[in-house]
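**Q** Once you've had a glance at the structure underneath, I'll fire off some questions.
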Amino acid sequence: MSASRAEPRPSAGGVPRVAVPLLAGLLATGWAMAAAAQALGPPIRLTPDVASPAPAPVPAPVVVPAYPPAVTPPPAVSPMVARPAPVASESLGAPDPDGAGTLSGMRGLGGDPWRGIGRAELLPLIAALPVDTPSPTVKALERRLLLSAGSPAVATGESPPPRRFGALRIEKLARLGDPTGAAELADLLPAALAADEPAARALTDAELVRGGLDCTRALARGRSFTSAYWSRLALFCRARVGDQAGTDEALATLRGAGRRSDPFLMVAEALAGAAPPPARMLSLQGDGEGLPLLLAAMRTARIGVPSDRLPLDSPPALAAIATNPSTDPTTRAAAGERAAASLFLDARQLLDLYAQVPAVGDELLRVRDIAQRDRSARTRALVHQAMAAAMDGRRRVALAALAVELVDPRLRAGPVGNAAAGLLDSVSPSGDVAALAPAAARLYYALGRLDQARRWQDLALRSGRSADTAWLWPLSVVATGRGAEDPRALTAWLDEALRGADGLARNRIAGQLALLQATGVAIPDEAWMKATDGAGPPSGSDAGVDPALWQRLGDAAAGGRIGETVAVALLLIGEAGPAALPPVVTARVAANLKAVGLEPDARALVREAMAALAGPSVPTSTAD
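First residue of the sequence shown: 1, per the working numbering; consecutive thereafter.
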């Protein structure tokens, strides 16, 4: 499932060289749309330009930086990276005081991640970072960025910013769904949190969603703020521990200041002992005083959320709804799967929700027929329940195959894919399940479970047709870093993949070549020409991204500015994640991350993108 992301993002001012509307547009840009729109043109370099030893003609102006220029012989089309340029001297004052972090050295982003970028330029980048991505790699990289110790430089005479560096980091971690990391960073930077209410509220909301709120600490962090949010939180905390007198007193104050139609006031009445209001009277859209707090109060008051009231644009809120036992189990599963898609619930929590969905009549026996007309969370829940009840080996194989088939390609690397892999784990990769092998290998590769992926790939190669297994080769190469040493392997895969390929299939193959190249595989010019009917490597100018960000990524990597490279890379990826982007964008990001020493992160991004691309042109169905 996918959900619109309309939640406003905090801002610390205009983002230099970052076009926020284009970032929003990037979310809506899918690989299929971009592939269909590929235009012929000169190749585009994935990484910073390398200085030529001899003078070269000045090229015509282009929107994005050029790919390696054509030279003979042979044309240079593989990613190349310039040596880091020296940092220009500037008039700088003391470093920002909020540079503490829980990660340092190799655990973070090195000893000086913000070298070469000033605080005024950095803060808008931090404020614009994505939070609702379906990519585990993106979230892990962003978490490291925010938790890494290091301070940006402050220009001499620079005015204090509207929001502090530490507060922005705490808030962003909380909105990422990492309240533990946000709280640990807040402990190191108490002054930053005490002066920034949005950060304090974001951390409290994240703890409410996770169900691990420490009321004493939460109320202490709101002591210096006067908004109604903190008085509501105090009421909730008193009601949660059974303090009737304190609840009544707080409710009286709330009644005097609130409106009768206020959803929180209606729920607070129930917390104080009144009859719960009908759930359909409670608006869950755009609650200005904190939707997570309202949902936590509804959970405590045992008020469920109707299926037509789900705030689909807020994955954290959906996670809170999924953990409300008073909500209908099918609604909880639907909300939980959407939350898990953006990594606000894990696979174990999702499986618990699947197990609670009630099956009607003989649905567990007819789950294949149901899946043909309904690919919802409820159907996936029925597949898991049918697997738990199945004893026959052939039926278990068919159900595992169905579970894999029902995973959206963009969600293979996250909890939704991991839940399906849990069913695969009970199936042994032997000869009688060879038909399942290619899809099983792809799912395990997407999840980074390389040992299991290789076993299923070996089975596919031993028993499958070459046309059914050829697409596994590039996926295994980017996932493992092995298999491309012999150039004949690339030629064999390309010949098989191109057999009978139409225009869309060729675009997909060109994307796979770009991803292979980004991880260091040398792609000869003749391979590009063969795959694209002479057009050459795909152009970044048609990828739908901000050309200033595209250029800035290469400049930051060429200058060895690790923190800036990561921040700009995350902005280019956006909330769509690498599996939903044009491959040339993911390739550009990966090549530049690799250039600044982050090869494992680069490879993981490419692996997620390749797993979404890899597969037969026409999916085959598995009979029950």
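For glycine and all other residues, C-beta sits at the position ideal for the given N, C-alpha and C. All values derive from a computational prediction rather than experimental measurement.
In the structure shown, what three-state DSSP assignment does residue 136 receive?
**A** Counting from one through the sequence shown, the residue named residue 136 turns up at place 136. If DSSP states are grouped into helix, strand and coil, residue 136 belongs with the helices.
**Q** The alpha helix (DSSP H) spanning residue 478 covers which residue range?
**A** Residue mapping note: residue 478 aligns to position 478 of the sequence shown, counting from 1. From DSSP, the alpha helix (DSSP H) with residue 478 extends over 472-480.
**Q** Taking just the CA atoms, how far does residue 226 sit from residue 161?
**A** Translated into the one-based positions of the sequence shown, residue 161 becomes position 161. Translated into the one-based positions of the sequence shown, residue 226 becomes position 226. Near 22 Å, if we compare the C-alpha coordinates of residue 226 and residue 161.
**Q** Between the C-alpha atoms of residue 401 and residue 602, what's the straight-line distance to the nearest angstrom?
**A** Taking the first residue of the sequence shown as 1, we reach residue 401 at position 401. Taking the first residue of the sequence shown as 1, we reach residue 602 at position 602. Roughly 30 Å separates the two Cα atoms.
**Q** Here's a check: name, in chain order, each residue in its chain whose Cβ is nearer than 7 Å to the Cβ of residue 111, leaving out the five neighbours to either side.
**A** Taking the sequence shown and counting its residues from 1, the one referred to as residue 111 is at position 111. The answer, listed in chain order, is 105.
**Q** Tell me whether the region 172-190 and the region 585-599 touch, counting them as touching only if at least three CB pairs, one residue from each stretch, are closer than 8 Å.
**A** The region 172-190 is not in contact with the region 585-599.
**Q** Tell me the residue span of the alpha helix (DSSP H) that contains residue 154.
**A** Looking up residue 154 in the sequence shown gives position 154. Premise fails: residue 154 lies in the beta strand (DSSP E), 153-155, not in any alpha helix (DSSP H).
**Q** Look at residue 606 and residue 590 and say whether their C-beta atoms are less than 7 Å apart.
**A** Counting from one through the sequence shown, the residue named residue 606 turns up at place 606. Counting from one through the sequence shown, the residue named residue 590 turns up at place 590. Contact flag set, yes.
**Q** Are the region 374-381 and the region 321-333 touching by the rule of at least three beta carbon pairs closer than 8 Å?
**A** Result yes; three or more Cβ-Cβ pairs closer than 8 Å.
**Q** Identify which residue in 503, 279 and 569 has its Cα closest to the Cα of residue 548.
**A** Position 548 of the sequence shown, counting from 1, holds the residue named residue 548. Checked all of 503, 279 and 569; the closest Cα to residue 548 is 569.
**Q** According to DSSP, is residue 95 part of a helix, a strand, or is it coil?
**A** Position 95 of the sequence shown, counting from 1, holds the residue named residue 95. Residue state, collapsed to three classes: strand.
**Q** Under a three-way DSSP split, which group does residue 148 fall into?
**A** In the sequence shown, counting from the first residue as 1, residue 148 sits at position 148. Three-state result, residue 148: strand.
**Q** With burial defined as no fewer than 16 other Cβ atoms inside 10 Å of the residue's Cβ, what is the status of residue 500: buried or exposed?
**A** What you label residue 500 is simply residue 500 of the sequence shown in a count that begins at 1. When all chains shown are included, residue 500 counts as exposed.
**Q** Does the pairing of the region 551-566 with the region 517-526 give three or more beta-carbon distances under 8 Å?
**A** Touching, no, given that fewer than three Cβ pairs across the two stretches are closer than 8 Å.
**Q** Just tell me which of 364, 321 and 315 has its CA closest to the CA of residue 342.
**A** To locate residue 342, count along the sequence shown from 1; it is residue 342. Taking only the C-alpha atoms, the option nearest residue 342 is 315.
**Q** Please classify residue 262 as buried or exposed, where buried requires at least 16 neighbouring CB atoms within 10 angstroms.
**A** Counting from 1 along the sequence shown, the entry for residue 262 is found at position 262. Residue 262 comes out buried.
**Q** Distance, Cα to Cα, residue 583 vs residue 515?
**A** Counting from one through the sequence shown, the residue named residue 583 turns up at place 583. Counting from one through the sequence shown, the residue named residue 515 turns up at place 515. In a straight line, the C-alpha of residue 583 is about 7 Å away from that of residue 515.
**Q** How many Å lie between residue 68 and residue 482 at the Cα?
**A** As a working mapping, residue 68 is identified with position 68 in the sequence shown. As a working mapping, residue 482 is identified with position 482 in the sequence shown. Model confidence at residue 68 stands at a pLDDT of 28, short of 50, so the residue's coordinates are unreliable; what they give is reported in the following sentence. C-alpha separation (whole angstroms): 25 Å.
**Q** Could you name the residues of the same chain whose beta carbon sits closer than 8 Å to that of residue 6, not counting the 5 residues immediately before and after it, in chain order?
**A** Your numbering for residue 6 matches position 6 in the sequence shown. The predicted position of residue 6 is uncertain, since its pLDDT is 39 and thus under 50; no value can be drawn from it.
**Q** Please determine, among 613, 308 and 238, the residue with the shortest C-alpha to C-alpha distance to residue 474.
**A** In the sequence shown, residue 474 corresponds to position 474, counting from 1. When only C-alpha atoms are compared, the closest one is 613.
**Q** Under 7 Å, do residue 222 and residue 192 count as touching if we go by C-beta distance?
**A** Walking along the sequence shown from the start, residue 222 turns up at place 222. Walking along the sequence shown from the start, residue 192 turns up at place 192. No, Cβ-Cβ distance for residue 222 and residue 192 is not below 7 Å.
**Q** Bridge partners for residue 103 per DSSP, in chain order?
**A** Within the sequence shown, numbered from 1, the residue matching residue 103 stands at position 103. Answer by DSSP bridge pairing, in chain order: 148.
**Q** At which residue ranges does the region 413-445 contain complete alpha helix (DSSP H) runs of 4 or more residues, listed in the order of the chain?
**A** Listed in chain order, they are 415-424.
**Q** If you follow the alpha helix (DSSP H) that residue 494 is in, where does it begin and where does it stop?
**A** In the sequence shown, residue 494 corresponds to position 494, counting from 1. Per DSSP, residue 494 belongs to the alpha helix (DSSP H) from 487-498.
**Q** Run through the region 318-345 for me and flag every whole alpha helix (DSSP H) of 4 or more residues, listed as ranges in chain order.
**A** As far as the region 318-345 is concerned, its whole alpha helix (DSSP H) runs of at least 4 residues are 329-341.
**Q** Compute the distance between the beta-carbons of residue 446 and residue 413, then report whether it is under 7 Å.
**A** Taking the sequence shown and counting its residues from 1, one reaches residue 446 at position 446. Taking the sequence shown and counting its residues from 1, one reaches residue 413 at position 413. Yes, the pair counts as a contact, with Cβ atoms nearer than the cut-off.
**Q** Do residue 179 and residue 207 have their CB atoms nearer than 7 Å?
**A** Stepping through the sequence shown from its first residue, residue 179 is reached at position 179. Stepping through the sequence shown from its first residue, residue 207 is reached at position 207. Their beta carbons are under 7 Å apart, which means residue 179 touches residue 207 by this criterion.
**Q** Among 347, 346 and 294, whose alpha-carbon lies nearest the alpha-carbon of residue 321?
**A** As a first step, residue 321 must be located in the sequence shown, where it is residue number 321. Answer by Cα proximity: 294.
**Q** For residue 28, which of helix, strand or coil comes out of DSSP?
**A** The count along the sequence shown starts at 1 and reaches residue 28 at position 28. Because the pLDDT at residue 28 is just 37, under 50, the model does not fix this residue reliably, and the value given afterwards should be weighed accordingly. Note: residue 28 maps to helix in three-state DSSP.
**Q** The alpha helix (DSSP H) spanning residue 526 covers which residue range?
**A** Sequence index remark: in the sequence shown, residue 526 carries index 526 (1-based). Note, residue 526: alpha helix (DSSP H), 525-532.
**Q** At what residues does the alpha helix (DSSP H) containing residue 391 begin and finish?
**A** Here residue 391 refers to the residue found at position 391 of the sequence shown. Element bounds for residue 391: n/a, residue is neither H nor E.
**Q** According to DSSP, is residue 511 helix, strand or coil?
**A** The sequence position of residue 511 within the sequence shown is 511, counting from 1. Three-state result, residue 511: helix.
**Q** Which partner residues of residue 118 appear in the DSSP bridge assignment?
**A** Here the question's residue 118 lines up with position 118 in the sequence shown. DSSP lists 153 as partners of residue 118.
**Q** Assign residue 462 to buried or exposed, taking buried as 16 or more other Cβ atoms, counted over all protein chains shown, within 10 Å of its Cβ.
**A** Start at 1 with the first residue of the sequence shown, and residue 462 comes out as number 462. It is exposed - the Cβ of residue 462 has fewer than 16 other Cβ atoms within 10 Å.
**Q** Assuming residue 301 and residue 267 make a contact with CB atoms under 8 Å, what is their CB distance in whole Å?
**A** In the sequence shown, the residue the question calls residue 301 occupies position 301. In the sequence shown, the residue the question calls residue 267 occupies position 267. At roughly 6 Å, the Cβ-Cβ gap stays under 8 Å, so residue 301 and residue 267 are in contact.
**Q** Starting from the Cα of residue 290, find the closest Cα among 275, 409 and 264 and give me that residue.
**A** For the purposes of this step, residue 290 is taken as residue 290 along the sequence shown, with counting starting at 1. Residue 264 is the option with its Cα nearest to residue 290.
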